[in-house]
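Numbering (the UniProt record's numbering), first residue to last: 1 to 336.
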């Protein structure tokens, strides 16, 4: 092998070595390699913090955060309030919107940002500060961990319960709103209830039906009635309760809808009956934002067919009247 060829081979090996060490083939850090464990004194409840709430009290919460991955990670741990998912589970992630609450856990302490080196464990302390409290109920929140560089990736979470005793009330559900939305790039229609009280609700069963009233629906065309039956294992205190009607890639139709249903937990039951409307602008925005939306042109085709039939009838009537008039004129002329 010539010296020139040996030199080229050496350069190639050096280049590949550089890529393997810190370039294209670099091992990426992952939140799957990070754990977050609450440091608690209880021997029975080890996956969350449980606090007895008192006015003007401060509480120190400590977490053991460990990075088992091969790369240093920049992480953020932030307080969040508990929300309710459309599957009936509790979530402790940052939420853009929820119902008003007497105490919002996300405002009781501040977020922290830190670097975690490979195989490093750090103890992170949060101080919860309570002001004056003159009510009883449950504050439910969590400490949520996310990657600074990939905040959209779901990370571990640790629930925090603050109980202000005695809790002698039950949840109360009320209709909140009704909107078309895009979820996972698909069009859906979402109705939302709200738990108005600082109480955790368990095993709430809902049975709702959504209908649309319109010309085409009278003939069994257009929007087909939808039913949503589901059990919500948990409903967070003072949280919105989403009820999602999947449209199966069908385009959202503007018009008047009727939402009717019940919610039941234990011996308590609520009845709902709402007349709601989706505007043409709302439907157009959702349909344009969604992907692979199937547009049903049946109504358009039937409308065109009806229009053509109407034109044929009008022309036929016009020709018949013209023929009749000509016959009358001929009979009058012959009689003269």
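Note that beta-carbon positions come from the ideal geometry of N, C-alpha and C, so glycine has one too.
May I have the straight-line CA-CA distance separating residue i from residue j, to the nearest angstrom?
| i | j | result |
| --- | --- | --- |
| residue 222 | residue 249 | 14 Å |
| residue 60 | residue 130 | 12 Å |
| residue 278 | residue 217 | 16 Å |
| residue 280 | residue 101 | 34 Å |
| residue 320 | residue 214 | 35 Å |
| residue 224 | residue 70 | 53 Å |
| residue 326 | residue 304 | 33 Å |
| residue 91 | residue 104 | 15 Å |
| residue 146 | residue 110 | 15 Å |
| residue 68 | residue 117 | 9 Å |
| residue 318 | residue 294 | 41 Å |
| residue 310 | residue 252 | 29 Å |
| residue 233 | residue 193 | 15 Å |
| residue 229 | residue 272 | 14 Å |
| residue 51 | residue 269 | 31 Å |
| residue 190 | residue 324 | 60 Å |
| residue 127 | residue 207 | 42 Å |
| residue 205 | residue 177 | 19 Å |
| residue 57 | residue 125 | 16 Å |
| residue 114 | residue 149 | 13 Å |
| residue 136 | residue 164 | 5 Å |
| residue 308 | residue 322 | 21 Å |
| residue 312 | residue 328 | 24 Å |
| residue 166 | residue 231 | 27 Å |
| residue 97 | residue 267 | 30 Å |
| residue 33 | residue 95 | 24 Å |
| residue 151 | residue 265 | 36 Å |
| residue 188 | residue 292 | 13 Å |
Among the candidates the options, whose CA atom is the shortest distance from the CA of residue i?
| i | options | result |
| --- | --- | --- |
| residue 112 | 139, 101 and 65 | 65 |
| residue 159 | 167, 101 and 144 | 144 |
| residue 247 | 157, 186, 35 and 309 | 186 |
| residue 282 | 68, 69 and 181 | 181 |
| residue 236 | 31, 93 and 207 | 93 |
| residue 35 | 154, 133, 107 and 52 | 154 |
| residue 284 | 268, 254 and 183 | 254 |
| residue 48 | 134, 165 and 157 | 157 |
| residue 226 | 256, 89, 238 and 209 | 209 |
| residue 79 | 142, 128, 268 and 183 | 142 |
| residue 99 | 175, 183 and 166 | 175 |
| residue 179 | 205, 256 and 53 | 256 |
| residue 54 | 115, 97, 114 and 132 | 132 |
| residue 244 | 183, 266 and 33 | 183 |
In or out: residue i buried (at least 16 other Cβ within 10 Å) or exposed?
| i | result |
| --- | --- |
| residue 212 | buried |
| residue 423 | Nothing in the structure corresponds to residue 423, since the chain is present only between 1 and 336. |
| residue 287 | buried |
| residue 62 | exposed |
| residue 263 | buried |
| residue 242 | buried |
| residue 306 | exposed |
| residue 220 | exposed |
| residue 139 | buried |
| residue 162 | buried |
| residue 203 | exposed |
| residue 290 | buried |
| residue 195 | buried |
| residue 315 | exposed |
| residue 107 | exposed |
| residue 88 | buried |
| residue 240 | buried |
| residue 31 | buried |
| residue 134 | exposed |
Any beta carbon of chain C sitting closer than 8 Å to that of residue i?
| i | result |
| --- | --- |
| residue 77 | The chain inventory of the structure shown lacks chain C, comprising one protein chain alone. |
Unbroken stretches of the alpha helix (DSSP H), 4 residues or longer, contained in the stretch 253-320 | 280-289
Note down, one range per segment and in chain order, each beta strand (DSSP E) of at least 3 residues found wholly within the stretch 25-66.
-> 34-38 and 49-52
Segments of 3+ residues assigned as beta strand (DSSP E) that fall wholly inside the stretch 137-203 = 137-147, 157-164, 173-183 and 186-195
Do the stretch 254-263 and the stretch 107-123 touch if we need at least three Cβ pairs shorter than 8 Å?
-> no
Does the stretch 71-84 come within contact of the stretch 38-48, defined as at least 3 CB pairs closer than 8 Å?
-> no
Does the count of Cβ pairs from the stretch 198-205 and the stretch 165-172 closer than 8 Å reach three?
-> yes
Cβ contact check for the stretch 73-81 and the stretch 43-52: 3 or more pairs under 8 Å = no
Considering only residues of the stretch 89-133, which uninterrupted beta strand (DSSP E) runs meet the minimum length of 3 residues and lie entirely inside it, listed in chain order?
-> 112-116 and 120-129
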